[in-house]
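Here the structure is laid out as C-alpha coordinates; the discussion comes afterwards.
Numbering (my numbering), first residue to last: 192 to 382.
Next comes the structure, spelled out in C-alpha coordinates:
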(Lines of atoms letter the chains of each structure in order from A and count residues from 1; the text may use other names and numbers.)
(Lines give C-alpha, C1' and ligand atoms only; values in the text may rest on other atoms or scores of the structure.)
Protein backbone atom coordinates (compact mmCIF):
# COMPACT_ATOMS: atom_id res chain seq x y z
CA UNK A 1 0.00 0.00 0.00
CA UNK A 2 2.79 2.42 0.86
CA UNK A 3 4.24 1.87 -2.60
CA UNK A 4 0.95 2.98 -4.19
CA UNK A 5 0.85 6.08 -2.00
CA UNK A 6 4.39 7.08 -2.90
CA UNK A 7 3.61 6.34 -6.53
CA UNK A 8 0.61 8.66 -6.65
CA UNK A 9 2.35 11.45 -4.76
CA UNK A 10 5.49 11.38 -6.87
CA UNK A 11 3.95 10.92 -10.33
CA UNK A 12 4.92 14.44 -11.33
CA UNK A 13 8.49 14.09 -10.06
CA UNK A 14 11.40 12.52 -11.89
CA UNK A 15 13.08 11.14 -8.81
CA UNK A 16 13.32 7.73 -7.25
CA UNK A 17 11.51 7.62 -3.95
CA UNK A 18 11.28 4.48 -1.86
CA UNK A 19 8.82 4.16 0.99
CA UNK A 20 11.49 4.96 3.58
CA UNK A 21 12.83 8.06 1.82
CA UNK A 22 9.37 9.56 1.46
CA UNK A 23 8.59 9.13 5.17
CA UNK A 24 5.58 6.93 4.45
CA UNK A 25 6.98 3.69 5.80
CA UNK A 26 4.65 1.88 8.13
CA UNK A 27 5.89 2.03 11.68
CA UNK A 28 5.76 -0.69 14.27
CA UNK A 29 4.24 -0.31 17.73
CA UNK A 30 7.53 1.05 19.09
CA UNK A 31 7.64 3.65 16.31
CA UNK A 32 10.39 2.00 14.24
CA UNK A 33 10.15 1.23 10.52
CA UNK A 34 8.53 -2.01 9.38
CA UNK A 35 9.72 -4.01 6.38
CA UNK A 36 7.93 -3.49 3.08
CA UNK A 37 6.15 -6.68 1.93
CA UNK A 38 7.16 -8.35 -1.33
CA UNK A 39 4.77 -9.98 -3.77
CA UNK A 40 4.37 -13.70 -2.95
CA UNK A 41 6.63 -13.35 0.09
CA UNK A 42 5.08 -10.78 2.40
CA UNK A 43 7.69 -9.93 5.04
CA UNK A 44 9.18 -13.44 5.26
CA UNK A 45 12.21 -12.16 3.32
CA UNK A 46 13.46 -10.28 6.37
CA UNK A 47 14.32 -13.27 8.57
CA UNK A 48 13.89 -15.99 5.90
CA UNK A 49 11.16 -17.61 7.98
CA UNK A 50 7.53 -18.56 7.41
CA UNK A 51 8.16 -20.85 4.47
CA UNK A 52 10.53 -18.48 2.68
CA UNK A 53 12.49 -21.27 0.95
CA UNK A 54 9.31 -23.03 -0.16
CA UNK A 55 7.91 -19.76 -1.50
CA UNK A 56 11.10 -19.07 -3.41
CA UNK A 57 10.97 -22.54 -4.94
CA UNK A 58 7.30 -22.06 -5.82
CA UNK A 59 8.02 -18.70 -7.47
CA UNK A 60 10.91 -20.20 -9.45
CA UNK A 61 8.88 -23.20 -10.64
CA UNK A 62 5.77 -21.11 -11.28
CA UNK A 63 7.54 -18.44 -13.30
CA UNK A 64 9.44 -21.05 -15.33
CA UNK A 65 6.24 -23.02 -16.01
CA UNK A 66 4.40 -19.83 -17.01
CA UNK A 67 7.26 -18.83 -19.35
CA UNK A 68 7.31 -22.27 -21.00
CA UNK A 69 3.51 -22.20 -21.36
CA UNK A 70 3.70 -18.73 -22.88
CA UNK A 71 6.34 -19.89 -25.37
CA UNK A 72 4.10 -22.79 -26.41
CA UNK A 73 1.18 -20.41 -26.81
CA UNK A 74 3.26 -18.11 -29.00
CA UNK A 75 4.38 -21.09 -31.07
CA UNK A 76 0.76 -22.05 -31.68
CA UNK A 77 0.03 -18.47 -32.70
CA UNK A 78 2.95 -18.53 -35.13
CA UNK A 79 1.73 -21.83 -36.58
CA UNK A 80 -1.65 -20.19 -37.03
CA UNK A 81 0.02 -17.51 -39.13
CA UNK A 82 1.72 -20.11 -41.32
CA UNK A 83 -1.52 -22.07 -41.74
CA UNK A 84 -3.31 -18.85 -42.74
CA UNK A 85 -0.69 -18.31 -45.46
CA UNK A 86 0.33 -14.95 -44.06
CA UNK A 87 3.31 -13.38 -45.77
CA UNK A 88 6.73 -14.33 -44.41
CA UNK A 89 7.28 -10.67 -43.55
CA UNK A 90 4.44 -10.81 -41.02
CA UNK A 91 5.88 -13.94 -39.42
CA UNK A 92 9.31 -12.33 -39.12
CA UNK A 93 7.73 -9.15 -37.77
CA UNK A 94 5.90 -11.10 -35.05
CA UNK A 95 9.08 -12.93 -34.02
CA UNK A 96 11.14 -9.73 -33.91
CA UNK A 97 8.41 -7.86 -32.00
CA UNK A 98 8.11 -10.50 -29.28
CA UNK A 99 11.89 -10.90 -29.07
CA UNK A 100 12.57 -7.19 -28.66
CA UNK A 101 9.69 -6.69 -26.23
CA UNK A 102 10.82 -9.69 -24.17
CA UNK A 103 14.38 -8.38 -24.02
CA UNK A 104 13.20 -4.94 -22.87
CA UNK A 105 10.81 -6.46 -20.33
CA UNK A 106 13.60 -8.68 -18.98
CA UNK A 107 15.97 -5.73 -18.60
CA UNK A 108 13.42 -3.45 -16.97
CA UNK A 109 12.19 -6.17 -14.61
CA UNK A 110 15.76 -7.09 -13.67
CA UNK A 111 16.62 -3.42 -13.01
CA UNK A 112 13.49 -3.11 -10.89
CA UNK A 113 14.87 -5.74 -8.51
CA UNK A 114 17.93 -3.64 -7.70
CA UNK A 115 16.76 -0.02 -7.84
CA UNK A 116 13.59 2.02 -7.81
CA UNK A 117 12.48 3.47 -11.15
CA UNK A 118 13.82 6.96 -11.72
CA UNK A 119 10.98 8.18 -13.93
CA UNK A 120 7.54 6.82 -13.06
CA UNK A 121 5.94 8.34 -16.18
CA UNK A 122 8.41 6.45 -18.36
CA UNK A 123 7.60 3.22 -16.52
CA UNK A 124 3.89 3.78 -17.20
CA UNK A 125 4.63 4.23 -20.89
CA UNK A 126 6.59 0.96 -20.96
CA UNK A 127 3.82 -1.01 -19.26
CA UNK A 128 2.23 -2.17 -22.54
CA UNK A 129 5.65 -3.05 -23.98
CA UNK A 130 6.39 -5.12 -20.86
CA UNK A 131 2.97 -6.74 -21.25
CA UNK A 132 3.81 -7.88 -24.77
CA UNK A 133 7.21 -9.14 -23.64
CA UNK A 134 5.86 -10.89 -20.56
CA UNK A 135 8.10 -13.88 -21.24
CA UNK A 136 11.12 -11.71 -20.45
CA UNK A 137 9.58 -10.62 -17.14
CA UNK A 138 8.85 -14.23 -16.24
CA UNK A 139 12.42 -15.22 -17.10
CA UNK A 140 13.75 -12.42 -14.88
CA UNK A 141 11.54 -13.60 -12.02
CA UNK A 142 12.80 -17.16 -12.48
CA UNK A 143 16.48 -16.23 -12.55
CA UNK A 144 16.24 -13.85 -9.56
CA UNK A 145 14.27 -16.32 -7.47
CA UNK A 146 17.16 -18.80 -7.78
CA UNK A 147 19.31 -16.55 -5.57
CA UNK A 148 16.83 -14.48 -3.52
CA UNK A 149 13.26 -13.28 -3.42
CA UNK A 150 12.81 -10.90 -6.38
CA UNK A 151 13.46 -7.41 -5.02
CA UNK A 152 14.76 -8.62 -1.64
CA UNK A 153 18.16 -6.94 -1.85
CA UNK A 154 16.63 -3.55 -2.64
CA UNK A 155 14.06 -3.79 0.16
CA UNK A 156 16.65 -5.08 2.63
CA UNK A 157 19.04 -2.21 1.88
CA UNK A 158 16.26 0.37 2.23
CA UNK A 159 14.98 -1.24 5.42
CA UNK A 160 18.40 -1.47 7.07
CA UNK A 161 19.09 2.16 6.19
CA UNK A 162 15.74 3.20 7.66
CA UNK A 163 16.37 1.20 10.86
CA UNK A 164 19.85 2.73 11.25
CA UNK A 165 18.43 6.22 10.69
CA UNK A 166 15.66 5.52 13.22
CA UNK A 167 18.16 4.26 15.80
CA UNK A 168 20.34 7.35 15.35
CA UNK A 169 17.35 9.63 15.80
CA UNK A 170 16.16 7.71 18.85
CA UNK A 171 19.54 7.67 20.59
CA UNK A 172 20.17 11.37 20.02
CA UNK A 173 16.85 12.26 21.60
CA UNK A 174 17.27 10.32 24.83
CA UNK A 175 17.53 12.20 28.05
CA UNK A 176 16.08 15.46 29.20
CA UNK A 177 17.63 18.43 27.38
CA UNK A 178 16.74 20.77 30.23
CA UNK A 179 18.65 18.58 32.69
CA UNK A 180 21.74 18.68 30.50
CA UNK A 181 21.77 22.48 30.58
CA UNK A 182 21.74 22.59 34.39
CA UNK A 183 24.68 20.22 34.70
CA UNK A 184 27.00 22.55 32.81
CA UNK A 185 29.18 24.88 34.79
CA UNK A 186 27.97 28.43 34.60
CA UNK A 187 30.14 30.91 32.80
CA UNK A 188 30.80 34.22 34.31
CA UNK A 189 28.92 37.04 32.68
CA UNK A 190 30.81 39.47 30.52
CA UNK A 191 30.96 43.04 31.49
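We put the CB at the ideal spot given by N, CA and C, even for glycine.
Alpha carbon of residue 283 to alpha carbon of residue 265, nearest angstrom = 13 Å
Supposed contact pair residue 251 and residue 328 - C-beta distance, whole angstroms, cut 8 Å = Incorrect: roughly 14 Å between the Cβ atoms, too far for contact.
ask   = Under a three-way DSSP split, which group does residue 282 fall into?
value = helix
ask   = Are residue 255 and residue 342 closer than 8 Å when you measure CB to CB?
value = no
request  = Assuming residue 326 contacts residue 258 (C-beta within less than 8 Å), just tell me the rounded distance between them.
outcome  = 5 Å
ask   = Count the other CB atoms within 10 Å of the CB of residue 424; is the residue buried (16 or more) or exposed (fewer)?
value = This structure leaves residue 424 out entirely; the chain is present only between 192 and 382.
ask   = Going straight from the alpha carbon of residue 340 to that of residue 278, what length do you get?
value = 43 Å
Straight-line gap, residue 248 to residue 332 (C-alpha atoms, nearest Å) = 11 Å
ask   = By the 10 Å Cβ neighbour count, where 16 or more other Cβ atoms means buried, how is residue 379 classified, buried or exposed?
value = exposed
key: DSSP bridge partner residues for residue 229 (one or two, in chain order)   = 233
key: residue 299 and residue 321 closer than 8 Å at C-beta   = yes
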